[in-house]
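Visitor:
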Amino acid sequence: MDETLVLPRRNADPDFGRGSVFFVGTATVIIRYAGFTILTDPNFLHAGDHVHLGYGLTAKRLTNPAVEMEDLPPLDFVLLSHLHGDHFDRVVQRRLNKATPIVSNKHATSYLKKVGFTKTRTLKTWEPLVVAKGEANLRVTALPGTHGPGPLGAVLPPVMGSMLEFGRVGEAARLRMYISGDTLVHDRLREIPRRFPGIDLAMLHLGGTRVLGVFVTMDAEQGLEAMRIMDARTTIPIHYNDYTRFESPLVDFERAVTDAGLDEKVRYLAHGETYEFEVPAAR
């Protein structure tokens, strides 16, 4: 039986017909759908702040978050792809309510428990977590990610992609949402659309981040390949242009998408912009 996280039900009935994604910056978004409010990879450092990436490597933030932590709505949980300073920073560690549920991999949750977070949920690759809230149901499945090639990948924090399947209790999923995490394109990605056909929305971590001269997140070319692999109805690129080590700007991805004739399948969000979507009554 799948592990279940039961959330308190609020007064309003869940709206299954529409939802939204608000782009805070880096890989931080606020997802609202079916009564759920989810924060991903919280990063609230400001322009000029530095993050430590391990092994003496640092990066400087070039942008500000679109909102501050104190302006966040009430959260149901945080979905964390991995433990790196540009995805879960020192401001978040200090200010986030320690009773906030956080869903991530073992590497991240082991650390979070040590620093006082009391409601972590650990997922292995392909393992699901059912999140129940009144008549709304969300199934979060951990997906494979590869942060770097060969030996470099072995010393970087392990990465978790995620599939979010939203629906009404007892019914089929109405919305499938894929979040890549800081992965490169690799063979196991092709298994994702086979297991989860009909992805509605994909959020891809781009940026072309380099460590020691090697890509550890997707550049424009890999982003386009990932987009084709997932074949989502809509793709939103995130995790770009925010830090000094991001070497593949968004304009490169825009150009690649246009050259491939796929402009109508991509929605670009500026920091602070909201993507609002509608969901049919049945798949």
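In this note's numbering, the protein residues as written are 6 to 288. Where a beta carbon is used, it is the ideal one built from N, C-alpha and C, also for glycine. Being a predicted model, the structure only gives us computed values, none of them experimental.
(1) Looking only at DSSP bridge pairs, what is H55 linked to?
(2) Within 10 angstroms of its Cβ, does G30 collect 16 or more other Cβ (buried), or is it exposed?
(3) I'd like the list of long-range same chain contacts for G40, defined as Cβ closer than 6 Å, with 5 residues on each side in sequence excluded.
(4) Using three-state DSSP, classify E269 as helix, strand or coil.
(5) Note down the Cα distance separating L10 from E269, rounded to an integer number of angstroms.
(6) Mind the definition here: the region 205-225 touches the region 238-251 only if three or more C-beta pairs lie below 8 Å; say whether that holds.
(7) For T123, which residues in the same chain have their Cβ closer than 8 Å to its Cβ, ignoring the five residues on either side in sequence?
(8) Contact between the region 232-242 and the region 63-83: three or more CB pairs below 8 Å?
(9) With a threshold of 8 Å on Cβ separation, who are the neighbours of A17 within its own chain once the five nearest residues in sequence on each side are excluded?
(10) Measuring only the C-alpha atoms, how far is L189 from F220?
(11) State yes or no: is the C-beta of L143 within less than 8 Å of the C-beta of V108?
(12) Round the Cβ separation of L206 and F282 to the nearest angstrom and send it over; I've been treating them as touching at under 8 Å.
(13) To the nearest angstrom, report how far apart D91 and D7 are at their CA atoms.
(14) Determine the extent of the alpha helix (DSSP H) in which R233 is found, giving its start and end residues.
(15) Would you mind listing the alpha helix (DSSP H) stretches within the region 111-148 that are 4+ residues and don't spill past its ends, in chain order?
(16) Using DSSP's beta-bridge definition, name the partner residues of I36.
Guide: In short:
(1) For the purposes of this step, residue 55 is taken as residue 50 along the sequence shown, with counting starting at 1. Note: H55 sits in a beta bridge opposite K65.
(2) Position 25 of the sequence shown, counted from the start, is the residue given in the question as residue 30. Buried.
(3) Walking along the sequence shown from the start, residue 40 turns up at place 35. Closer than 6 Å at the Cβ level, and outside the excluded window around G40, lie P19, K138 and A141.
(4) Here residue 269 corresponds to residue number 264 of the sequence shown, with the count starting at 1. Note: E269 maps to helix in three-state DSSP.
(5) On the sequence shown, residue 10 is found 5 positions in, with the first residue counted as 1. On the sequence shown, residue 269 is found 264 positions in, with the first residue counted as 1. Taking the straight line from one Cα to the other gives about 36 Å.
(6) yes
(7) If you number the sequence shown from 1, residue 123 lands on position 118. K103 and A104.
(8) no
(9) By one-based count along the sequence shown, residue 17 stands at place 12. Within the same chain, A17 has close Cβ partners G40.
(10) Indexing the sequence shown from 1 puts residue 189 at position 184. Indexing the sequence shown from 1 puts residue 220 at position 215. Cα to Cα, L189 sits roughly 8 Å from F220.
(11) Within the sequence shown, the letter at position 138 stands for residue 143. Within the sequence shown, the letter at position 103 stands for residue 108. Taking 8 Å as the Cβ cut-off, L143 and V108 do not qualify as a contacting pair.
(12) Indexing the sequence shown from 1 puts residue 206 at position 201. Indexing the sequence shown from 1 puts residue 282 at position 277. Right, the Cβ-Cβ distance comes to about 7 Å (below 8 Å), so this counts as a contact.
(13) The residue given as residue 91 occupies position 86 in the sequence shown. The residue given as residue 7 occupies position 2 in the sequence shown. Straight-line Cα distance between these residues: approximately 31 Å.
(14) Within the sequence shown, the letter at position 228 stands for residue 233. R233 -> alpha helix (DSSP H) spans A225 to M235.
(15) 111-119
(16) Stepping through the sequence shown from its first residue, residue 36 is reached at position 31. For I36, which the question treats as bridged, DSSP gives the partners V26 and I43.
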